[in-house]
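Under UniProt numbering, think of the first position of the sequence shown as 1, with each following residue one higher. Ideal placement from N, C-alpha and C gives every residue a C-beta, glycine not left out. Keep in mind that this is a model prediction, so the values were computed, not measured. Reviewing the structure listed below.
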Amino acid sequence: MLNIEDLFRAYYDARKNKRGAVSALAFEVDYEKNLFELYDEIIKSRYKPGESICFISNYPVKREIFAALFRDRIVHHLIYNYISPIFECRFINDSYSCRIGKGVSYGIKRLDHFIRSGSKNYKKDCYILKLDIKGYFMSINRNILFNKIKTALERVYEREREQGSPRICY
């Protein structure tokens, strides 16, 4: 069950790197009132995401970015905080993006490990393939993804209801 403390935590998580963004500043002017309004919308099933802001980024490659409004980012963090313990153990070890303890430094260490292993400590040639699949995320079938997530969450919450076990990876 959602509680207001969870929403405040999500708010603090969302603002970590966005404090200078226009929508973050506008939200922060009266953040307590805004959070209670958002909480009310969520618990009454009236929350609707706003329109994303679309822009082009040229780094590291040219691509289209869809940025959520700040209040929607709060909801994203709220959802993430609830479901990440369920899905974290399902991810492969060598997936690094947006994972606690698995950032760039960890990825570099793992890459070094694989290069050393593949080259017999730099004594043999080895090869690395670097690629970017154009439009990959936009091509994901959202219905299939949604149904897989829904099924996994239903299993976890059903077990929780039956056994009273905490929300952890199964």
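Checking 8 Å against the spacing of the C-beta atoms, do Leu2 and Ile42 come in under that value? yes
Residues of its chain near Val104, where Cβ-Cβ distance is below 8 Å and the 5 sequence neighbours each way are ignored:
Tyr96
Residue 228 (DSSP reduced to helix, strand or coil) = No answer is possible for residue 228: it lies beyond the span of the chain, which begins at 1 and ends at 170.
Open item on the list: Am I right that Leu78 and Asp6 are in contact with their C-beta atoms under 8 Å? What's the rounded C-beta distance?
Closed with: 6 Å
**Report entry** Same chain, Cβ closer than 8 Å to Asn81, five either side skipped, listed in chain order
**Finding:** Asp6, Arg9, Ala10, Asp13
Three-state class that DSSP yields for Phe66 in the structure shown = strand
- How do the region 17-33 and the region 56-75 stand: do at least 3 beta-carbon pairs fall below 8 Å, yes or no? yes
| alpha helix (DSSP H) containing Ser23: first to last residue? | 22-28
Since Asp94 contacts Arg110 with CB under 8 Å, what's their CB separation in whole angstroms?
6 Å
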